[in-house]
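J.: Counting from 16, one number per residue, gives the positions in the sequence shown under my numbering.
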Amino acid sequence: MSELIIEGLEASAAGNPILRGLDLTIRSGEVHAVMGPNGAGKSTLSHVLLGKPGYEVTGGTVTLDGEDLLAMPTWQRAHAGIFLGMQYPTEVPGVSLQEMLGASFDAADKDTAALDEALLVEAARIGFDEKFLSRALNVDLSGGEKKRNETLQLGVLQPKIAILDELDSGLDVDALRMVSQRVEAATEETGLGVLVITHYNRLLTELKPDHVHVLAKGQIVASGDAALAAELEDTGYGAYGEVEAAVAEPATPFASGVLDVFE
Ligand code: ADP
Ligand code: MG
16 MSELIIEGLE
26 ASAAGNPILR
36 GLDLTIRSGE
46 VHAVMGPNGA
56 GKSTLSHVLL
66 GKPGYEVTGG
76 TVTLDGEDLL
86 AMPTWQRAHA
96 GIFLGMQYPT
106 EVPGVSLQEM
116 LGASFDAADK
126 DTAALDEALL
136 VEAARIGFDE
146 KFLSRALNVD
156 LSGGEKKRNE
166 TLQLGVLQPK
176 IAILDELDSG
186 LDVDALRMVS
196 QRVEAATEET
206 GLGVLVITHY
216 NRLLTELKPD
226 HVHVLAKGQI
236 VASGDAALAA
246 ELEDTGYGAY
256 GEVEAAVAEP
266 ATPFASGVLD
276 VFE
């Protein structure tokens, strides 16, 4: 049984406060969906949890099974069992998925003999073409293929807690079903705890959330069960404060190229 506890988390980027006292606890086997307007800080939360450079934690704590996650370098957080499925998966020319996962297995002292078999099994489970296993990681993959690629990594690495940022973006209906079923199965097979960021209730028909949260202006402002996700799709986020302020550009103007990466 694992527990990721986020308490009073505050973080800024380029001097602008983005997370403003965020509380969330995710336990093994639970699915937490985080929804919220653009610019609310959802991706920032995922970046801060994995220690992406460029973000400064200015308050609060994050622990995984009592260990201070924020004190660890990114590789150690991954080693401890945190997995991030990025909103925009990074392309890594020259390194294949197979090689990358082989290095992960080595680093974790896992038996690499089982890796090839696991890759084929996992690829079949989500309908991911085997030819991508030996090709450069994410290079020239479509948005949907990148998301399947991330899901395959999740299946093979078997983390304790997965943070999945817009897992549904770019997926067609069939891919969406396979990917969300795979993640849902992991909650039962390996007790995976999930924090999934999404704009669409559609994803949550297969990956069934135990808790749905609204993140607005850097805080969790409402929590409920799956009914909340359906309600949000109808009503939007207007009830949760000044949405305008949440989507406004930061006070300091940034070069558009920089902001694109963090949409
Ligand atoms: P969401 O994922 O909820 O749409 P983000 O977490 O990506 O929102 O962004 C929240 C706010 O923080 C936005 O206004 C965004 O422009 C800003 N932001 C995010 N990352 C950075 C960064 N590295 N530098 C400057 N501003 C950032
Ligand atoms: Mg985002």
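Glycine is no exception: its CB is placed at the ideal position from the N, C-alpha and C atoms.
Could you tell me whether any non-hydrogen atom of the ligand MG is closer than 7 Å to the CB of D180?
T.: Checking the Cβ of D180 against the ligand MG gives yes.
J.: Rounded to a whole number of angstroms, what is the C-alpha to C-alpha distance between H214 and A245?
T.: One C-alpha to the other measures close to 11 Å.
J.: Candidates T89, R163, G81: which alpha carbon is nearest P104's?
T.: Of the candidates T89, R163, G81, the one whose C-alpha sits nearest the C-alpha of P104 is R163.
J.: Measuring straight from C-alpha to C-alpha, what distance separates V46 and I176?
T.: Distance between the alpha carbons of V46 and I176 is about 10 Å.
J.: Measuring only from the beta carbon, is Q234 closer than 7 Å to any heavy atom that is part of the ligand MG?
T.: Incorrect: Q234 has no Cβ contact closer than 7 Å to the ligand MG.
J.: Could you check where the alpha helix (DSSP H) with A26 kicks off and where it finishes?
T.: Here A26 belongs to no alpha helix (DSSP H); instead the beta strand (DSSP E) covers 18-28.
J.: Hey, L24 and G75 are a contact pair by Cβ (cut 8 Å); roughly how many whole angstroms apart?
T.: About 4 Å separates the two Cβ atoms, so the contact holds.
J.: If we require 4 or more residues per run, which alpha helix (DSSP H) segments fall completely within the region 104-173?
T.: Here the runs fully enclosed are 112-122, 130-140, 158-172.
J.: Only counting the same chain, and skipping five residues up and downstream in sequence, which positions put a Cβ closer than 6 Å to that of Q102?
T.: Closer than 6 Å at the Cβ level, and outside the excluded window around Q102, lie S58, D180, E181.
J.: Mind reading off the beta-carbon distance from S119 to L172? Whole number of angstroms is fine, and I expect it under 8 Å.
T.: Going by Cβ atoms, the distance from S119 to L172 rounds to 6 Å, so yes, they are a contact pair.
J.: Less than 7 Å separating the Cβ of T76 from some heavy atom of the ligand ADP?
T.: Not under cutoff, so the answer is no.
J.: Could you tell me which of E137, V107, V188 sits nearest to A220, measuring between CA atoms?
T.: Before going further, note that residue 220 is Thr rather than Ala in the sequence given. The shortest Cα separation from T220 among E137, V107, V188 belongs to V188.
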